[in-house]
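Quick note: the sequence shown uses this note's numbering, first residue 11, plus one each step.
C-beta: ideal position from N, C-alpha, C; glycine also.
To start, the structure under review is shown below, and the notes come after it.
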Amino acid sequence: VSTQSTGALLLSSTHTMDSSTTNASVPSPECIARSFKPSSDKLTFHNLASVPEYTEKVAEITFREWGPFYRMYDIYSSRDLINDFERYFGNELPRLIVATFNTELVGFVMLEIEDGMEDDRFRGLKPWITNVYVEEKFRGKGIASVLIAKARKTLIKFGFKSAYLWTEEKNVKLYEKLGWVHLGHTLHSTKFVYVMKSNSASL
11 VSTQSTGALL
21 LSSTHTMDSS
31 TTNASVPSPE
41 CIARSFKPSS
51 DKLTFHNLAS
61 VPEYTEKVAE
71 ITFREWGPFY
81 RMYDIYSSRD
91 LINDFERYFG
101 NELPRLIVAT
111 FNTELVGFVM
121 LEIEDGMEDD
131 RFRGLKPWIT
141 NVYVEEKFRG
151 KGIASVLIAK
161 ARKTLIKFGF
171 KSAYLWTEEK
181 NVKLYEKLGW
191 VHLGHTLHST
201 KFVYVMKSNS
211 ASL
């Protein structure tokens, strides 16, 4: 699925530090997030297969944000998604990239070979960057752009010179600034989405 199954650049969160572990010398995650700068602070990227402890949380977020699209594939709960995520545990595509800061989940992005577009104009295009997500307290810091760039570089390593995603209209200008080209819009599931294309020159 894209939104975004990319598509859409989403960024919600409920993760907090247990109060019993917080003291004057240990900054809370909220303080860390406020001062976080991806250009100077190091994000760590993982294939989900190497950090299975994040699987349940990523599945819960994914179904919360994109559940209606997954129902097209007979996936009706986050538990169904956890089973589906087994396909991300190989060394090839599809792949689910998790970004962390220290041990805290910052966001994730998915890479798919195909995205099940119903429109004949876009059916068969490959590969797709989907489900770009950043936790709410880390938003507004350029992390979504970092995730997209990481996804593009990963796809290039797999030999793909172009990539596709779909998003909501409100995100089109953002992707255009990142070098993506608008190919057209279409109905996907029950929502109008905008299909974008990028190539290696935009990195």
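Who are the near neighbours of residue i in its chain, counting only those whose CB is closer than 6 Å to its CB and skipping five residues on each side?
| i | result |
| --- | --- |
| residue 132 | 205 |
| residue 135 | 174 |
| residue 193 | 205, 207 |
Using a threshold of 8 Å, state whether the C-beta atoms of residue i and residue j are closer than that.
| i | j | result |
| --- | --- | --- |
| residue 105 | residue 65 | no |
| residue 174 | residue 138 | yes |
| residue 177 | residue 203 | yes |
| residue 141 | residue 196 | no |
| residue 47 | residue 151 | yes |
| residue 115 | residue 103 | no |
Keeping to the same chain, check which residues put their C-beta closer than 7 Å to that of residue i; ignore five residues upstream and five downstream.
| i | result |
| --- | --- |
| residue 199 | 78, 79, 82 |
| residue 183 | none |
To the nearest angstrom, how far is it from the Cα of residue i to the Cα of residue j?
| i | j | result |
| --- | --- | --- |
| residue 69 | residue 89 | 7 Å |
| residue 87 | residue 180 | 28 Å |
| residue 160 | residue 144 | 14 Å |
| residue 190 | residue 92 | 31 Å |
| residue 170 | residue 98 | 18 Å |
| residue 84 | residue 74 | 15 Å |
| residue 188 | residue 63 | 32 Å |
| residue 129 | residue 166 | 26 Å |
| residue 124 | residue 100 | 17 Å |
| residue 162 | residue 60 | 20 Å |
Classify residue i as helix, strand or coil using the three-state DSSP reduction.
| i | result |
| --- | --- |
| residue 106 | strand |
| residue 200 | coil |
| residue 46 | coil |
| residue 87 | coil |
| residue 138 | strand |
| residue 181 | helix |
| residue 57 | strand |
| residue 151 | coil |
Am I right that residue i and residue j are in contact with their C-beta atoms under 8 Å? What's the rounded C-beta distance?
| i | j | result |
| --- | --- | --- |
| residue 109 | residue 55 | 6 Å |
| residue 119 | residue 153 | That belief does not hold up - the Cβ atoms of residue 119 and residue 153 are roughly 10 Å apart, past 8 Å. |
| residue 117 | residue 148 | 7 Å |
Between residue i and the ligand ADP, is there a pair consisting of the residue's CB and a ligand heavy atom that are separated by less than 7 Å?
| i | result |
| --- | --- |
| residue 143 | Ligands displayed in this structure: none; no statement on the ligand ADP is therefore possible. |
Go through its chain and collect everything with a Cβ distance to residue i's Cβ below 8 Å, but skip five positions before and after it.
| i | result |
| --- | --- |
| residue 95 | 58, 65, 68, 69, 106 |
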